[in-house]
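> Handing you a structure now.
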Amino acid sequence: MRLLPVPAFSDNYIWLLADAAGHTLIVDPGEAAPVRAALLRERLTPSAILLTHHHPDHIGGVAELLQEFPVPVYAPDDERILQVTTTVRDGEHISINAPQIDFGVIAVPGHTSSHIAYFGGGLLFCGDTLFSLGCGRMFEGTAAQMLHSLQRLRALPGATQVCCGHEYTLANAAFALTLEPDNTVLREHATTVRALRERGLPSLPSTLSLECAANPFLRTDTPVLSARIKAELADPDADEVARFAWLRRTKDQFKAPVA
238 MRLLPVPAFS DNYIWLLADA AGHTLIVDPG EAAPVRAALL RERLTPSAIL
288 LTHHHPDHIG GVAELLQEFP VPVYAPDDER ILQVTTTVRD GEHISINAPQ
338 IDFGVIAVPG HTSSHIAYFG GGLLFCGDTL FSLGCGRMFE GTAAQMLHSL
388 QRLRALPGAT QVCCGHEYTL ANAAFALTLE PDNTVLREHA TTVRALRERG
438 LPSLPSTLSL ECAANPFLRT DTPVLSARIK AELADPDADE VARFAWLRRT
488 KDQFKAPVA
(Lines of atoms letter the chains of each structure in order from A and count residues from 1; the text may use other names and numbers.)
(Lines give C-alpha, C1' and ligand atoms only; values in the text may rest on other atoms or scores of the structure.)
Protein backbone atom coordinates (compact mmCIF):
# COMPACT_ATOMS: atom_id res chain seq x y z
CA MET A 1 0.00 0.00 0.00
CA ARG A 2 1.04 3.60 -0.58
CA LEU A 3 1.22 6.06 2.30
CA LEU A 4 1.04 9.72 1.28
CA PRO A 5 1.40 12.73 3.60
CA VAL A 6 -0.55 15.61 2.04
CA PRO A 7 0.55 19.06 3.29
CA ALA A 8 -2.22 21.41 4.41
CA PHE A 9 -2.33 24.85 6.00
CA SER A 10 1.13 25.89 7.25
CA ASP A 11 2.31 22.64 8.85
CA ASN A 12 -0.49 20.01 8.88
CA TYR A 13 -0.37 16.63 7.23
CA ILE A 14 -3.46 14.86 5.94
CA TRP A 15 -2.67 11.18 5.44
CA LEU A 16 -3.78 9.06 2.49
CA LEU A 17 -3.40 5.27 2.47
CA ALA A 18 -4.06 3.69 -0.92
CA ASP A 19 -4.03 0.16 -2.31
CA ALA A 20 -2.89 -0.86 -5.81
CA ALA A 21 -6.37 -0.25 -7.21
CA GLY A 22 -6.42 3.31 -5.85
CA HIS A 23 -8.92 2.75 -3.03
CA THR A 24 -7.91 5.28 -0.41
CA LEU A 25 -8.33 6.06 3.28
CA ILE A 26 -8.20 9.72 4.26
CA VAL A 27 -7.02 10.57 7.77
CA ASP A 28 -7.81 13.93 9.40
CA PRO A 29 -8.73 16.05 6.35
CA GLY A 30 -8.66 19.53 7.85
CA GLU A 31 -8.80 21.03 4.38
CA ALA A 32 -10.56 19.65 1.30
CA ALA A 33 -8.64 21.31 -1.55
CA PRO A 34 -5.24 19.61 -1.05
CA VAL A 35 -6.98 16.25 -0.66
CA ARG A 36 -8.91 16.68 -3.91
CA ALA A 37 -5.73 17.73 -5.68
CA ALA A 38 -3.82 14.68 -4.40
CA LEU A 39 -6.66 12.32 -5.33
CA LEU A 40 -6.74 13.70 -8.85
CA ARG A 41 -2.97 13.74 -9.26
CA GLU A 42 -2.51 10.18 -7.95
CA ARG A 43 -5.74 8.83 -9.52
CA LEU A 44 -7.17 7.71 -6.18
CA THR A 45 -10.73 7.09 -5.02
CA PRO A 46 -11.72 7.64 -1.37
CA SER A 47 -13.25 4.72 0.50
CA ALA A 48 -13.38 6.01 4.10
CA ILE A 49 -12.34 8.87 6.38
CA LEU A 50 -10.72 8.42 9.79
CA LEU A 51 -10.73 11.25 12.33
CA THR A 52 -8.61 11.41 15.47
CA HIS A 53 -10.05 14.47 17.23
CA HIS A 54 -12.34 17.45 16.83
CA HIS A 55 -9.97 20.33 16.08
CA PRO A 56 -10.89 22.23 12.89
CA ASP A 57 -7.49 21.71 11.27
CA HIS A 58 -8.23 17.96 11.38
CA ILE A 59 -11.92 17.85 10.43
CA GLY A 60 -12.58 21.11 8.57
CA GLY A 61 -12.58 19.54 5.10
CA VAL A 62 -14.87 16.60 5.88
CA ALA A 63 -18.21 18.17 4.92
CA GLU A 64 -16.89 19.41 1.58
CA LEU A 65 -15.29 16.06 0.73
CA LEU A 66 -18.50 14.19 1.60
CA GLN A 67 -20.42 16.25 -0.94
CA GLU A 68 -18.29 14.68 -3.67
CA PHE A 69 -17.36 11.39 -2.00
CA PRO A 70 -20.12 10.03 0.30
CA VAL A 71 -17.90 7.59 2.22
CA PRO A 72 -18.07 6.29 5.80
CA VAL A 73 -16.55 8.52 8.48
CA TYR A 74 -15.04 6.97 11.63
CA ALA A 75 -14.47 9.27 14.60
CA PRO A 76 -14.38 9.41 18.39
CA ASP A 77 -17.64 9.87 20.26
CA ASP A 78 -17.62 13.66 20.48
CA GLU A 79 -20.57 15.96 19.78
CA ARG A 80 -18.17 18.51 18.31
CA ILE A 81 -17.62 16.21 15.31
CA LEU A 82 -20.77 16.41 13.20
CA GLN A 83 -20.14 14.37 10.05
CA VAL A 84 -19.82 10.87 11.53
CA THR A 85 -21.26 7.57 10.38
CA THR A 86 -19.54 5.35 12.96
CA THR A 87 -18.26 6.41 16.39
CA VAL A 88 -15.42 4.29 17.73
CA ARG A 89 -14.05 3.81 21.23
CA ASP A 90 -11.01 2.45 22.97
CA GLY A 91 -10.40 -1.23 22.32
CA GLU A 92 -12.72 -1.46 19.34
CA HIS A 93 -11.60 -2.65 15.91
CA ILE A 94 -12.66 -1.43 12.50
CA SER A 95 -12.23 -3.29 9.23
CA ILE A 96 -11.84 -1.43 5.97
CA ASN A 97 -12.50 -3.48 2.83
CA ALA A 98 -10.63 -1.32 0.33
CA PRO A 99 -7.84 -0.80 1.05
CA GLN A 100 -8.03 -4.02 3.06
CA ILE A 101 -6.79 -3.16 6.54
CA ASP A 102 -7.92 -3.52 10.15
CA PHE A 103 -7.33 -0.86 12.80
CA GLY A 104 -7.44 -1.03 16.55
CA VAL A 105 -8.71 2.08 18.30
CA ILE A 106 -6.64 3.47 21.19
CA ALA A 107 -7.97 6.20 23.47
CA VAL A 108 -5.24 8.80 23.95
CA PRO A 109 -6.74 11.72 25.93
CA GLY A 110 -4.56 14.69 26.80
CA HIS A 111 -4.45 16.96 23.78
CA THR A 112 -8.26 16.70 23.73
CA SER A 113 -10.55 14.72 26.00
CA SER A 114 -11.82 12.39 23.26
CA HIS A 115 -8.66 12.00 21.16
CA ILE A 116 -8.11 8.54 19.66
CA ALA A 117 -5.39 6.89 17.58
CA TYR A 118 -5.68 4.17 14.96
CA PHE A 119 -3.15 1.33 14.82
CA GLY A 120 -3.02 -1.33 12.12
CA GLY A 121 -0.90 -2.68 9.31
CA GLY A 122 2.23 -1.38 11.02
CA LEU A 123 0.86 2.18 10.92
CA LEU A 124 -0.09 4.53 13.74
CA PHE A 125 -2.29 7.50 12.93
CA CYS A 126 -1.90 9.47 16.15
CA GLY A 127 -3.19 12.94 15.26
CA ASP A 128 -1.78 15.49 17.70
CA THR A 129 -0.96 13.17 20.60
CA LEU A 130 2.51 12.05 19.52
CA PHE A 131 4.77 14.09 17.25
CA SER A 132 8.20 13.19 16.03
CA LEU A 133 10.48 14.24 18.91
CA GLY A 134 7.52 15.83 20.68
CA CYS A 135 3.90 15.56 21.79
CA GLY A 136 0.77 17.66 21.64
CA ARG A 137 -0.17 20.42 24.03
CA MET A 138 -2.57 19.47 26.81
CA PHE A 139 -5.59 21.58 25.90
CA GLU A 140 -8.21 19.38 27.59
CA GLY A 141 -6.27 16.86 29.65
CA THR A 142 -3.85 16.47 32.52
CA ALA A 143 -0.20 15.53 32.58
CA ALA A 144 -1.14 12.14 34.02
CA GLN A 145 -3.56 11.49 31.16
CA MET A 146 -1.12 12.55 28.47
CA LEU A 147 1.72 10.54 29.97
CA HIS A 148 -0.49 7.45 30.11
CA SER A 149 -1.58 7.99 26.50
CA LEU A 150 2.03 8.23 25.33
CA GLN A 151 2.98 5.17 27.35
CA ARG A 152 0.26 3.21 25.56
CA LEU A 153 1.65 4.27 22.19
CA ARG A 154 5.22 3.59 23.29
CA ALA A 155 4.25 -0.03 23.98
CA LEU A 156 3.44 -0.68 20.30
CA PRO A 157 6.01 -2.50 18.11
CA GLY A 158 9.18 -0.56 17.40
CA ALA A 159 8.78 -0.90 13.63
CA THR A 160 5.47 0.99 13.75
CA GLN A 161 5.38 3.93 11.35
CA VAL A 162 4.29 7.03 13.26
CA CYS A 163 2.01 9.22 11.15
CA CYS A 164 1.64 12.50 13.03
CA GLY A 165 -0.61 15.44 12.26
CA HIS A 166 2.02 18.19 11.98
CA GLU A 167 5.49 18.92 10.63
CA TYR A 168 7.07 20.02 13.92
CA THR A 169 10.15 17.83 13.92
CA LEU A 170 12.88 20.46 13.50
CA ALA A 171 11.54 22.68 16.28
CA ASN A 172 11.04 19.63 18.49
CA ALA A 173 14.61 18.53 17.80
CA ALA A 174 15.96 21.91 18.91
CA PHE A 175 14.17 21.52 22.25
CA ALA A 176 15.13 17.88 22.71
CA LEU A 177 18.80 18.69 22.15
CA THR A 178 18.77 21.14 25.06
CA LEU A 179 17.86 18.20 27.28
CA GLU A 180 19.98 15.41 25.83
CA PRO A 181 22.79 16.99 23.78
CA ASP A 182 24.81 13.76 23.93
CA ASN A 183 22.01 11.57 22.59
CA THR A 184 23.59 10.21 19.39
CA VAL A 185 20.31 8.99 17.87
CA LEU A 186 18.72 12.38 18.47
CA ARG A 187 21.66 14.31 17.01
CA GLU A 188 21.82 12.13 13.90
CA HIS A 189 18.07 12.32 13.36
CA ALA A 190 18.08 16.10 13.72
CA THR A 191 20.70 16.27 10.97
CA THR A 192 18.67 13.96 8.75
CA VAL A 193 15.49 15.96 9.28
CA ARG A 194 17.19 19.25 8.49
CA ALA A 195 18.42 17.83 5.20
CA LEU A 196 14.94 16.56 4.33
CA ARG A 197 13.27 19.87 5.10
CA GLU A 198 15.87 21.82 3.12
CA ARG A 199 14.77 19.72 0.12
CA GLY A 200 11.11 20.36 0.85
CA LEU A 201 10.49 16.75 1.92
CA PRO A 202 8.46 15.62 4.96
CA SER A 203 10.21 14.33 8.05
CA LEU A 204 7.37 11.85 8.53
CA PRO A 205 6.51 9.09 9.03
CA SER A 206 8.89 8.38 11.85
CA THR A 207 9.27 5.02 13.55
CA LEU A 208 8.36 4.22 17.11
CA SER A 209 11.80 2.75 17.81
CA LEU A 210 13.42 6.04 16.80
CA GLU A 211 10.96 8.02 18.93
CA CYS A 212 11.65 5.83 21.95
CA ALA A 213 15.37 6.51 21.51
CA ALA A 214 15.15 10.26 20.87
CA ASN A 215 11.78 11.77 21.86
CA PRO A 216 12.03 13.25 25.38
CA PHE A 217 8.28 12.87 25.96
CA LEU A 218 8.71 9.09 25.68
CA ARG A 219 11.85 9.10 27.83
CA THR A 220 10.89 10.68 31.15
CA ASP A 221 11.70 7.38 32.88
CA THR A 222 15.23 7.10 31.48
CA PRO A 223 18.11 7.72 33.94
CA VAL A 224 19.67 10.68 32.11
CA LEU A 225 16.48 12.61 31.47
CA SER A 226 14.95 11.73 34.80
CA ALA A 227 18.00 13.05 36.65
CA ARG A 228 18.06 16.21 34.52
CA ILE A 229 14.43 17.04 35.24
CA LYS A 230 14.68 16.23 38.95
CA ALA A 231 17.60 18.67 39.13
CA GLU A 232 15.56 21.35 37.36
CA LEU A 233 12.69 20.78 39.78
CA ALA A 234 15.08 20.67 42.75
CA ASP A 235 13.16 17.59 43.83
CA PRO A 236 15.03 14.27 43.88
CA ASP A 237 11.75 12.47 44.58
CA ALA A 238 9.72 13.93 41.71
CA ASP A 239 7.62 11.16 40.19
CA GLU A 240 7.20 10.60 36.48
CA VAL A 241 3.97 12.61 36.22
CA ALA A 242 5.69 15.61 37.82
CA ARG A 243 8.66 15.17 35.51
CA PHE A 244 6.41 14.96 32.46
CA ALA A 245 4.43 18.04 33.54
CA TRP A 246 7.69 20.02 33.87
CA LEU A 247 8.79 18.85 30.44
CA ARG A 248 5.53 19.92 28.79
CA ARG A 249 5.52 23.31 30.56
CA THR A 250 9.10 23.93 29.52
CA LYS A 251 8.38 23.01 25.92
CA ASP A 252 5.37 25.36 25.91
CA GLN A 253 7.72 28.24 26.73
CA PHE A 254 10.56 27.19 24.40
CA LYS A 255 11.39 29.27 21.35
CA ALA A 256 13.27 27.37 18.69
CA PRO A 257 16.24 29.26 17.24
CA VAL A 258 15.77 30.68 13.77
CA ALA A 259 17.95 28.84 11.27
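The numbering of the sequence shown is our numbering, which starts it at 238 and goes up by one.
Even for Gly, the Cβ is constructed at its ideal location relative to N, Cα and C.
Using DSSP's beta-bridge definition, name the partner residues of Ser332.
Partner(s): Asp339.
> Measure from the alpha carbon of Asp458 to the alpha carbon of each residue in Gly378, Gln388, Ile286, Ala427, then state which is nearest.
Answer by Cα proximity: Gln388.
> Using 10 angstroms around the beta-carbon of His352, count the other beta-carbons present and answer buried if the total reaches 16, otherwise exposed.
With 16 or more Cβ atoms within 10 Å of its Cβ, His352 is classed as buried.
> Would you kindly report the start and end of the unbroken beta strand (DSSP E) that includes Thr459?
Run containing Thr459: none; DSSP gives neither H nor E here.
> Contact defined as beta carbons within less than 8 Å: I believe Asp365 pairs with Ile343. What is the distance between those atoms, to the nearest angstrom?
Not confirmed; about 14 Å, so no contact.
> For Leu254, which option in Phe246, Leu287, Ala274 has the closest C-alpha, if you only look at C-alpha atoms?
Comparing Cα-Cα distances from Leu254 to each of Phe246, Leu287, Ala274, the minimum goes to Leu287.
> As an exercise, report each continuous beta strand (DSSP E) stretch of at least 3 residues that is fully enclosed by the region 366-439, in chain order.
Here the runs fully enclosed are 398-401.
> Report back the beta-carbon spacing between Ser443 and Ser369 to the nearest angstrom; my notes put them in contact at under 8 Å.
With a Cβ gap of about 4 Å, Ser443 and Ser369 count as contacting.
> Residue range of the alpha helix (DSSP H) that Thr322 falls in?
From DSSP, Thr322 is part of no alpha helix (DSSP H); its letter is neither H nor E.
> In angstroms, rounded to a whole number, what distance separates the CA positions of Thr429 and Leu240?
Computed Cα separation, rounded: 20 Å.
> Have a look at the DSSP bridge pairing and note the partners of Pro242.
According to DSSP, which records beta bridges pairwise, Pro242 is partnered with Trp252.
> Between the Cα of Pro411 and those of Val308, Lys488, Ala493, Arg280, spot the shortest distance and give me the residue it belongs to.
One point to set straight first is that residue 411 is Ala, not Pro, in the sequence displayed. Of the listed residues, the one whose Cα sits closest to Ala411 is Ala493.
> Taking Leu367 as the reference, give the member of Pro346, Glu377, Trp483, Gly359 with the closest Cα.
Considering only alpha carbons, the answer is Pro346.
> Taking DSSP as the reference, what is the three-state secondary structure of Phe481?
Three-state result, Phe481: helix.
> Strictly by DSSP, which residues pair up with Ala285?
Answer by DSSP bridge pairing, in chain order: Leu262.
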